[in-house]
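Peer 1:
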Amino acid sequence: MKGFFFFLCFISFSAFCLAQQAYPAAAPLPKKNISIFGRGLYPGDDATYELLKKSGFKTLLLSSFYIHADGDLYSGDSHLPIIHNGKWVGDSAYVVRVKNLKKHSSISRIEILLEGRWYGQPPNTFDFIRDWYDPSKTVPGIVTGIGEQSTLFNICKVLKEVLGADAFCIDDESVYDSPSIIAMGKIAAKLNMHMTLCPFTKYSYWGDILRASDEKVVDALYLQCYDGGARNDIKDWVTALKPQQPIYPIFMVRGSFGTCDSYKGSKSVDEIRAQLKGFKSDYPAMSGASIWQMDDVKKFVSMGCAVKNPASGTATDVAQFLKQLKTTFKREL
């Protein structure tokens, strides 16, 4: 009897240990991850958020956010801090809109896009992540490392607690320091969050991150197939990285860069459908795709692209455009 009692205790303890393993409690990837990046949504308006909730898209990647030298996090939409001195100071209406996104909605996952500098821009985000992740370094005004008192940990914690974010997405296009991003994945694990990657070039850099990361934490890649990544072919990335995680192509719609024409790889709905079909043929396991970005969807409509340039598409309102994109993704995936 005593042996049976200890057996039960052992089983219970083992189950407890398994439950304590780093496996994010945040929203997992939807089975078919139809997603959209949300530049232009800070602070946003109720009507746009309602359109997103009814859009049929599953994941919204709120973008873009930048870390500054003082440890504050800035919105790329307003160029104002949303986290200052370790606390949320952003728009309160934005918090309400984001927290309501999953209510009576197709949206089931919210990610935060951390964006870095392009060439020639002053240091931000990934420069500072590289400089701060090592606890042995001393940086005035910054708590270095990735412990619970660190500046980097606190930024992610505030995003989770205030906005209910499920993941943060890494869009590094200049620094390419894999040890610091691997460390960010460890912050995600501690917070029961996910981390995703948003590459357009440099197989080796992203591959290093994947190989050193828990696939249950770093759980997806969003591949840029426009602008600098316009020539990206998904099969090349699958071959190079051999990831356990899914790769989702990101398409840029017409209306981007203020033009109805095709520019830097922007595409009409029909052009997206054709490329997606080819990707699916080469990568049958493909289970999602993404749109860059909500602001451009709205510009397509506000510029009257369907009338000015019929080859660019037929949508005359935002809801119609979102429906066309969703239908294309569901049909080809």
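In mature numbering (1 follows the signal peptide of the UniProt record, and there is no 0), the protein residues as written are -19 to -1, 1 to 314.
Glycine residues also receive a C-beta, built at the ideal position from the N, C-alpha and C atoms.
(1) Label A3 either buried or exposed according to how many other C-beta atoms from any shown protein chain fall within 10 Å of its C-beta, with 16 as the threshold for buried.
(2) How many whole angstroms separate the CB atoms of D72 and Y30, which I take to be in contact at a CB cut-off of 8 angstroms?
(3) Between the Cα of P9 and the Cα atoms of T220, S131, I88 and F302, which residue gives the shortest distance?
(4) Enumerate in chain order the residues of its own chain whose CB-to-CB distance from D276 is below 6 angstroms, with the five nearest sequence positions on each side excluded.
(5) Measuring only the C-alpha atoms, how far is D200 from S16?
(6) Taking buried to mean at least 16 other C-beta atoms within 10 Å of its own C-beta, is D298 buried or exposed?
(7) Put K269 into one of helix, strand or coil per three-state DSSP.
(8) By Cβ distance below 8 angstroms, which residues in the same chain neighbour P104 in space, the five residues on each side in sequence not counted?
(9) In the structure shown, what three-state DSSP assignment does S(-6) receive?
(10) Rounded to the nearest angstrom, what separates L94 and K311 at their Cα positions?
(11) Is it buried or exposed, L(-12), if we count other Cβ atoms within 10 angstroms and call 16 or more buried?
(12) Tell me the DSSP secondary structure of A(-1) in three-state form.
(13) So, at 7 angstroms on beta carbons, what are the nonlocal neighbours of A7 in its own chain, with the 5 sequence-adjacent residues on each side left out?
(14) With burial defined as no fewer than 16 other Cβ atoms inside 10 Å of the residue's Cβ, what is the status of Y100: buried or exposed?
(15) Keeping to the same chain, check which residues put their C-beta closer than 8 angstroms to that of D27; ignore five residues upstream and five downstream.
(16) For P291, does the count of other Cβ atoms within 10 angstroms reach 16, so buried, or fall short, so exposed?
Peer 2: With the structure as the only source:
(1) Residue confidence is low: A3 scores 43 on pLDDT, short of 50, so the model does not pin down where it sits. Its coordinate-derived value is still stated next. If you draw a 10 Å sphere on the C-beta of A3, you find fewer than 16 other C-beta atoms in it, and that means exposed.
(2) Contact flag wrong, Cβ pair sits at about 13 angstroms.
(3) With distances taken between Cα atoms, P9 lies closest to I88.
(4) R20 and G21.
(5) About 15 angstroms.
(6) D298 comes out exposed.
(7) According to the sequence shown, residue 269 is Gly rather than Lys. In the three-state scheme derived from DSSP, where H, G and I count as helix and E and B as strand, G269 is classed as strand.
(8) Once the five neighbours on either side are set aside, the close Cβ partners of P104 are A50 and R98.
(9) Reliability of the predicted coordinates at S(-6) is poor, the pLDDT of 40 falling under 50, and the value obtained from them is presented with this limitation in mind. In the structure shown, S(-6) falls within a helical segment according to DSSP collapsed to helix, strand and coil.
(10) Rounded to the nearest angstrom, the two C-alpha atoms are 24 angstroms apart.
(11) Confidence in L(-12) is poor, its pLDDT being 38 and thus under 50, which makes the residue's placement unreliable; the coordinate value appears in the next sentence. Counting Cβ neighbours within 10 Å, L(-12) comes out exposed, since fewer than 16 surround it.
(12) Because the pLDDT of A(-1) is 38, which lies under 50, any placement of that residue in the model is unreliable, and the question is left without a value.
(13) So the qualifying residues of the chain are D147, A148, N173, M174 and H175.
(14) By the C-beta density criterion, Y100 is exposed, having fewer than 16 other C-beta atoms within 10 angstroms.
(15) Correct list, in chain order: R78.
(16) Answer is exposed; the Cβ neighbour count stays below 16.
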